[in-house]
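Here the structure comes first, spelled out in structure tokens, and everything after it is commentary.
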Amino acid sequence: ELFGSGVQHIAFATDDLLKTVARLEANGVRLLSIPDNYYDDLAAKTDLSAEQIAALQEHNVLYDRDGDAEYLQVYTEAFDQRFFFEIVERRGYRGYGAANAPVRLAAQATASTAALP
Numbered sequence: 037e038l039f040g041s042g043v044q045h046i047a048f049a050t051d052d053l054l055k056t057v058a059r060l061e062a063n064g065v066r067l068l069s070i071p072d073n074y075y076d077d078l079a080a081k082t083d084l085s086a087e088q089i090a091a092l093q094e095h096n097v098l099y100d101r102d103g104d105a106e107y108l109q110v111y112t113e114a115f116d117q118r119f120f121f122e123i124v125e126r127r128g129y130r131g132y133g134a135a136n137a138p139v140r141l142a143a144q145a146t147a148s149t150a151a152l153p
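Be aware that the sequence shown starts at 37, since it is given in this note's numbering, and climbs by one per residue.
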């Protein structure tokens, strides 16, 4: 069973997600890989610039917007196929990025399957 009952993750907030992610990656933290088609879809449905999309994609950052509020989130790879960290940046956003949950779950399932012997 993927994940299951119990504590599955801990979330941390930051004021600059891209800077935080760069530090994590520089220290060897492995982030959950988000498929390229997510960023193709993001480019098609938002007015983010190509440079903004590229920065998000480079660091596997998920993005959501509600009006003028923005939400950026990234996940670590699961430890022992169970526990992971989430790091978020809220730019006035009050939700939890529910639109990105299916993307995260699919990426975690893919990563979990790839880790099997």
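Virtual Cβ for every residue (Gly too), placed ideally from N, Cα, C. Bear in mind the structure is a predicted one, so any value in this text is a computation, not a measurement.
Same chain, Cβ closer than 6 angstroms to residue i, neighbours up to 5 away in sequence not counted
i	result
Q93	Y75
Q144	none
N- and C-terminal bounds of the alpha helix (DSSP H) containing residue i
i	result
L92	86–94
Residues near residue i by beta carbon distance below 7 angstroms, same chain, minus five either side
i	result
T56	T50, I123
N96	L67, L68, S69, I70, V110
F115	none
Supposed close pair residue i, residue j - CB separation, criterion 8 angstroms
i	j	result
D100	Y129	7 angstroms
R59	L98	So it is not a contact: roughly 19 angstroms between Cβ atoms.
Residues of its chain near residue i, where Cβ-Cβ distance is below 8 angstroms and the 5 sequence neighbours each way are ignored
i	result
E47	Position check: residue 47 holds Ala in this sequence, whereas Glu was assumed. Cβ neighbours of A47 beyond the five flanking positions: F121, E122, I123, V124.
Extent of the continuous beta strand (DSSP E) run through residue i
i	result
Q109	105–111
Y129	No beta strand (DSSP E) contains Y129, which DSSP labels as neither H nor E.
Classification of residue i by the beta-carbon crowding that lies within 10 angstroms, buried from 16 upward
i	result
N136	buried
G64	exposed
Short CB-CB distance (under 8 angstroms) between residue i and chain C
i	result
S148	In summary, chain C is missing from the structure at hand, where a single protein chain is found.
Problem - 4 or more residues per run - each alpha helix (DSSP H) lying fully within the segment 50–76 - result: Qualifying alpha helix (DSSP H) stretches, in chain order: 53–62.
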